[in-house]
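All residue numbers for the sequence shown refer to my numbering, where the first residue is 13 and numbers rise by one.
For reference, the structure is listed below as structure tokens.
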Amino acid sequence: MPNFDDILRIHHLQHVELQAWIEHRWVRPRTTDQGFVFDELDEARIGLIRELRQELSVDEEALDVVLSLLDQLYATRGVLRRVEEAIGALPPPLREAIRARLQPNES
13 MPNFDDILRI HHLQHVELQA WIEHRWVRPR TTDQGFVFDE LDEARIGLIR ELRQELSVDE
73 EALDVVLSLL DQLYATRGVL RRVEEAIGAL PPPLREAIRA RLQPNES
């Protein structure tokens, strides 16, 4: 997993820039004895933040909103995935009845 300096080099960021993103909690690396360590999710967020800030000129306030909405969306997807798994574990007649009720009404 990449450390702070690796991320600076890979994503062409300035030290103060990445530090600010961590302080804003836009990126949440794990802290180790050697410093920050970034996982795949952190790297994906860094790429997104970099693109939004540098290429699309999204300001900090708007970026807070965008990242919050994305976090909510991903959390909702996780819940829906667990609901689908729970439905999949039900007996077939009950599973089919639930899926039929979830179909949109064609009015």
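C-beta atoms are modelled at their ideal positions from N, C-alpha and C, and glycine is treated no differently.
Residue interval of the beta strand (DSSP E) (run including residue i)
i      : result
Phe-48 : 47–49
Residue span of the alpha helix (DSSP H) that contains residue i, given as start and end
i      : result
Arg-42 : Taken as a continuous stretch (DSSP letters only), Arg-42 belongs to no alpha helix (DSSP H), being part of the beta strand (DSSP E) at 42–44.
Val-70 : First-last for Val-70: undefined, no H or E at that position.
Ala-32 : 27–35
Ala-56 : 52–62
His-24 : Per DSSP, His-24 belongs to no alpha helix (DSSP H) and is neither H nor E.
Anticipated Cβ contact below 8 Å, residue i with residue j, distance rounded
i       : j       : result
Arg-40  : Asp-54  : 7 Å
Arg-107 : Gly-100 : 7 Å
Residues sharing a beta bridge with residue i, DSSP
i       : result
Asn-117 : None, per the DSSP bridge assignment.
Distance CB(residue i)-CB(residue j) smaller than 7 Å
i      : j      : result
Arg-62 : His-36 : no
Met-13 : Val-49 : yes
Gly-47 : Asn-15 : yes
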